[in-house]
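**Q**
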Amino acid sequence: MKRDKLTFMFKFAKQNLVKSPLRSFLLLFGFTFMMVVISLALSMKGVMEAYYIHAYQSRSEHIDLEMTTGPNSSTRYFSTRDLDELNLNNHANVFKIDTLTNQDTYLTVLATNPTDFEILYGEYHVVSDTEIILTDTGAKKLSLEVGDTLSLTVGSSTLEFTVKAILQDYGIFQGDLAYIAHDPHVATLLKTLVPPLEIYPNTFFSNFNNTVYFDTFDVLETQSVLTSLETYKDLDFKESLPMPYIKQLVNRAVSLFQLMLIFIGLAVFLLIQTTFVLVFKEKEQSLSIIKLLGGSLAFGFIIWAIEMVILMIPAALISYLLTYGIIQIGLMVLMPGLYYQIAFRLILLSLGVVLSIFILTTLAYSLAWKKQSEVSRLSYKPDKSWPILVHCGLVVIVLALYFIIDHQTLSTTLTSLLLSIVLAYSLLKVISHGIGYFILKFKDSSLPYLFKMTYVKKSFYRFMTLALATYVSVILLFQTTGYIRLKASYIEREYQADLLVSNVLTNIDTVEEEIALLEGVDNSTKVGIFRNVAITPSGQTFSAVYMLAPNEITSYFGMSSESNSLVDFQNTSEPSIWLPMRYQAVYGIKKDDIIHLDLNKKYSSVPLKVVGFFDEAVGNTAFINVHQFSGYEGLKQTHILIKTDDPKSLQQTLMHNYGHRLIYIYDFQAGAKALSSEVIASMNYATFVILIILVGLLLSLLNQGLILFDELKSNYMRVSLLGYSTKNLSCYLLIEGFWMMVTLSLSTAVIVCLIDPLIKPLLLLFDEYEKITFMLNDFWIGLALSNGLLLLTRIVYLKGLRNMDLVRILKMHQMA
């Protein structure tokens, strides 16, 4: 018996869905979109982590650890004999050096033997003394093919090679790289650099290298064994997959978008809740009829629940396919070849969210509905709401509190955000009534009566509230993507030096003086550059720490000083550090605090006084002055920054003047542009996902407009039966649409103006800080797009008016 009853309810629910195909389709679309948005939001961090892991792994493939002399080391090579005696398997000994080609470009050469090259590349290749193997990238850059000749200058020696092979970029062997035989070229190079070594035979240098790559299962154990040896304890170690730093990059890449997803989440919640309320309103009379005929309310609710489940199950499957497709398309833009397997549990979790809201909404409205009699449920009742004066009072009180509160802390910022959300509905009411007041002045026309018929309905204001949340979300998304574009220009503006002279291991004062006298050099200064520096207590890592005279910073960098902190840095008389603002905002580091930097093995915990902070687009750079104090002689300045109006010509001059001393000259702006590109590239996926969500939000707004129109049909039918022509009704709908646009535009402008200043401190929720600036153009674009969608709903309404079936409407609705 129970089985027959359940079968009947299932067939009844199915029949209800088939009877209203448009409504069923709109609900299916709404559920699908909600699940896609939730799944994309939940998967964003995982996708970005997969991207960075893939990016780092592709640079090294199976190589897990690199041991090298490092850019600030006083030695250029070391013996790897001890490694061979340790019997450490799967390590490749390499002498890595930048050489100058006959085309005045740099080519990094790996001098090693075939066995070690096989560990790096996975293929065994033998080269003679006069042969060279190039990567595909290096060959294309130099326009070389197999059999061509290539001249390389190393120090004061020029070597001629024949291109034996060109290999696809892979792992360590990628980019502008080449492979030559270790012997006798390393011996020749070292004898050229250090003439006293001429007395030794070439075989003496067979174990001399400056880099070792390890393929190991336990990176920490391998590093521990190596640092226990005197020969290697002061060398630099670099993990191929630095997970703490990757997590840091991921957090910085997605934090702003995660914050935007909070606002989108609010819009999605309103979308789900509004959908269920509208459907519940439609089901009220059906449930009352069932009750009057002797059926139970549980019977009616179960049928409704079955309808929703029938729609939600295919919505979950469709959302899984859509989410997977969107992620893969996004990754094709970000990094072709990378695939991310989305867990189906995310779809189940999103389904659970939708079901939870459905259950809570149903319970809330059913409890209120059960208090009514069966007759009152079937009769028409105008919706009740608070008096407009109450809403006016709320607007005044909330605005006053908002401007009184100081937005300097996370707690006060969250309070202001809640006030802004509370303000939204009342502000919408006040503005709509303010505009409606003027419409009511036209007493000689039918506009006041039509207007009252619409704005007194709660369902209309539910739609307006959803529309306001959508408007705000769309504008915030446009502002966010606009800021990302702006961020690239910030990065390039902050790094103002043109050229970087590196590997000046000796006589740097003399070299800097010589360079300063060259024609075309505007400014030059010595600098020490330390990469991947850990800072305590934050547990973060700086991509670069610059050690130079504080009074030279403004000549080569464009960071914005906070509270004259740069002047304090210039006048300090103790070892100090100038930090990015994010370390004060996120980690609570204050001026005059003592922090510690891990600069290298010898200086693994350098105490520094914080003199102040600066605003930076990336927040990944710091400045120190320890070279000015005794006790830090081991921290050397081995680079020179240069400002010039003609970087290309000056770079060629410096290459020829200092190339024989293994001093290299790089385009500093190219590094800034690469950093800018990396920041933008890492956010491209998040931007793509946000744009997909944006399109979905706009379509959902259209969707809700159609559902609202279906509910308001009875009102339009009433006035049509009273003799109001379709033409006049269409005119009213256009006026009503204009009223809605003005109401939503004004409300959105106020809410956005209140929320924008909160975005910067709200990022602290995700342990991040951004130097955020929003552009006015992005606001207008987002507003125009949202209004365009609202206008489209009006056009659909006009079409719906012409297709209304009077007989069918009269059968479906009991006219009051």
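Residue numbering for the sequence shown follows the numbering used here, beginning at 665 and increasing consecutively.
Even glycine gets a Cβ: it sits at the ideal position worked out from N, Cα and C.
1. Compute the Euclidean distance between the alpha carbons of residue 691 and residue 1368, then round it to the nearest angstrom.
2. Report the three-state DSSP secondary structure of residue 1258 (helix, strand or coil).
3. Is there contact between the stretch 1277-1288 and the stretch 1131-1146, where contact requires at least three CB pairs shorter than 8 Å?
4. Going by CA-CA distance only, name the one from 1402, 1140, 1345 that's closest to residue 1415.
5. Would you give the residue range spanned by the alpha helix (DSSP H) that residue 1404 belongs to?
6. Is residue 842 helix, strand or coil by DSSP?
7. Kindly provide the ranges of any alpha helix (DSSP H) runs that are 4 or more residues long and lie completely inside the stretch 810-861, ordered along the chain.
8. Could you give the distance in angstroms between the alpha-carbon of residue 857 and the alpha-carbon of residue 1326?
9. State the Cα-Cα distance for the pair residue 1137 and residue 1449, rounded to the nearest angstrom.
10. Going by beta carbon distance, what residues of the same chain come within less than 7 Å of residue 966, once the five residues before and after it are set aside?
11. With distance defined between alpha-carbon atoms, name the residue in 1091, 1090, 1066 nearest to residue 1079.
12. Is the stretch 1264-1271 touching the stretch 1443-1458 in the sense that three or more CB pairs, one from each, lie closer than 8 Å?
13. Compare the C-alpha of residue 1202 against each of 1220, 1165, 1258 and name the closest.
14. Leaving out the 5 sequence neighbours to the left and right, which residues in its chain are closer than 6 Å to residue 1198 when beta-carbon positions are compared?
15. Run through DSSP, which three-state label would residue 1195 get?
16. With a 10 Å radius around its C-beta and 16 neighbouring C-beta atoms as the bar for buried, classify residue 1425 as buried or exposed.
17. Using a 10 Å radius around the Cβ and a threshold of 16 neighbouring Cβ atoms, would you call residue 1274 buried or exposed?
18. Pull the bridge partners of residue 1187 from the DSSP assignment, please.
19. Would you kindly report the start and end of the unbroken alpha helix (DSSP H) that includes residue 730?
20. Tell me the DSSP secondary structure of residue 878 in three-state form.
21. Is residue 754 buried or exposed, if buried means 16 or more other CB atoms sit within 10 Å of its CB?
22. Taking 8 Å as the limit between beta carbons, can you name the residues of its chain near residue 1170, skipping five residues before and five after?
23. Rounding to the nearest angstrom, what Cα-Cα distance links residue 830 and residue 1185 in this structure?
24. In chain order, what residues of the same chain lie with their CB nearer than 7 Å to the CB of residue 1462, ignoring the 5 residues before and after it?
25. Helix, strand or coil for residue 1055, going by three-state DSSP, please let me know.
26. Among all the DSSP beta bridges, which residues are the ones paired with residue 1221?
27. Kindly provide the ranges of any alpha helix (DSSP H) runs that are 4 or more residues long and lie completely inside the stretch 1124-1155, ordered along the chain.
28. Is residue 764 helix, strand or coil when you go by DSSP?
29. What residue does the alpha helix (DSSP H) around residue 804 start on, and which one ends it?
30. In whole angstroms, what separates the C-alpha of residue 1304 from that of residue 1239?
31. Which residues bound the beta strand (DSSP E) around residue 1244?
32. Per DSSP, which residues does residue 1273 bridge with? Please list them.
33. Going by C-alpha distance, which of 1370, 1096, 1060, 1070 is nearest residue 1086?
34. Looking at the strands, I want to know which residues DSSP matches up with residue 775.
35. Checking the sheet assignment: what are the DSSP bridge partners for residue 1211?
36. Let me know the secondary structure DSSP gives residue 675 once reduced to three states.
**A** Taking the structure as given:
1. Against the sequence shown, residue 691 aligns to sequence position 27. Against the sequence shown, residue 1368 aligns to sequence position 704. Each residue's Cα considered, the two are about 9 Å apart.
2. Translated into the one-based positions of the sequence shown, residue 1258 becomes position 594. Residue 1258: strand per DSSP, three-state reduction.
3. no
4. Taking the sequence shown and counting its residues from 1, the one referred to as residue 1415 is at position 751. Residue 1415 has its Cα closest to that of 1140, out of 1402, 1140, 1345.
5. As a position in the sequence shown, residue 1404 is number 740, starting the count at 1. 1390-1426 is the extent of the alpha helix (DSSP H) around residue 1404.
6. Looking up residue 842 in the sequence shown gives position 178. In the structure shown, residue 842 sits in a strand (DSSP, three-state: E or B).
7. 849-857
8. Numbered from 1 along the sequence shown, position 193 holds the residue referred to as residue 857. Numbered from 1 along the sequence shown, position 662 holds the residue referred to as residue 1326. Roughly 9 Å separates the two Cα atoms.
9. Here residue 1137 refers to the residue found at position 473 of the sequence shown. Here residue 1449 refers to the residue found at position 785 of the sequence shown. Across the structure, residue 1137 and residue 1449 are spaced so that their CA atoms are roughly 12 Å apart.
10. On the sequence shown, position 302 is the one that residue 966 refers to. Listed in chain order, the non-local C-beta contacts of residue 966 below 7 Å within the same chain comprise 673, local neighbours out to five positions each way being set aside.
11. Counted from its first residue, the sequence shown places residue 1079 at position 415. The shortest Cα separation from residue 1079 among 1091, 1090, 1066 belongs to 1066.
12. no
13. The count along the sequence shown starts at 1 and reaches residue 1202 at position 538. Answer by Cα proximity: 1258.
14. If you number the sequence shown from 1, residue 1198 lands on position 534. Only 1205, 1262 meet the Cβ criterion.
15. Locating residue 1195 in the sequence shown gives position 531, counting from the first residue. If DSSP states are grouped into helix, strand and coil, residue 1195 belongs with the strands.
16. If you number the sequence shown from 1, residue 1425 lands on position 761. Buried is the call here.
17. Walking along the sequence shown from the start, residue 1274 turns up at place 610. Looking at its Cβ environment, which holds 16 or more other Cβ atoms inside 10 Å, residue 1274 is buried.
18. Position 523 of the sequence shown, counting from 1, holds the residue named residue 1187. Paired residue(s): 1307.
19. Here residue 730 refers to the residue found at position 66 when the sequence shown is read from its first residue. Unbroken run through residue 730 is the beta strand (DSSP E), 729-732; no alpha helix (DSSP H).
20. The count along the sequence shown starts at 1 and reaches residue 878 at position 214. In this structure, residue 878 counts as strand in the three-state DSSP scheme.
21. As a working mapping, residue 754 is identified with position 90 in the sequence shown. Burial state of residue 754 is exposed, judged by a 10 Å Cβ sphere holding fewer than 16 other Cβ atoms.
22. If you number the sequence shown from 1, residue 1170 lands on position 506. Closer than 8 Å at the Cβ level, and outside the excluded window around residue 1170, lies no residue.
23. Residue mapping note: residue 830 aligns to position 166 of the sequence shown, counting from 1. Residue mapping note: residue 1185 aligns to position 521 of the sequence shown, counting from 1. In this structure, the CA atom of residue 830 is about 39 Å from the CA atom of residue 1185.
24. Taking the first residue of the sequence shown as position 1, residue 1462 is located at position 798. Around residue 1462: 1394, 1397.
25. Position 391 of the sequence shown, counting from 1, holds the residue named residue 1055. It is helical.
26. Locating residue 1221 in the sequence shown gives position 557, counting from the first residue. 1159, per the DSSP bridge assignment.
27. none
28. For the purposes of this step, residue 764 is taken as the residue at position 100 of the sequence shown. Reduced to three states, the DSSP call for residue 764 is strand.
29. Counting from 1 along the sequence shown, the entry for residue 804 is found at position 140. Taken as a continuous stretch (DSSP letters only), the alpha helix (DSSP H) holding residue 804 covers 800-806.
30. Sequence index remark: in the sequence shown, residue 1304 carries index 640 (1-based). Sequence index remark: in the sequence shown, residue 1239 carries index 575 (1-based). Cα-Cα distance, rounded: 21 Å.
31. Stepping through the sequence shown from its first residue, residue 1244 is reached at position 580. It spans 1240-1244 - the beta strand (DSSP E) in which residue 1244 sits, taken as one unbroken run.
32. To locate residue 1273, count along the sequence shown from 1; it is residue 609. Answer is 1240, 1258.
33. Within the sequence shown, residue 1086 is the residue found at index 422, counting from 1. The candidate whose alpha carbon is nearest that of residue 1086 is 1060.
34. Position 111 of the sequence shown, counted from the first residue, corresponds to residue 775. DSSP lists 759, 844 as partners of residue 775.
35. Within the sequence shown, residue 1211 is the residue found at index 547, counting from 1. Looking at the DSSP assignment, residue 1211 forms a beta bridge with 1192, 1288.
36. Against the sequence shown, residue 675 aligns to sequence position 11. Helix at residue 675.
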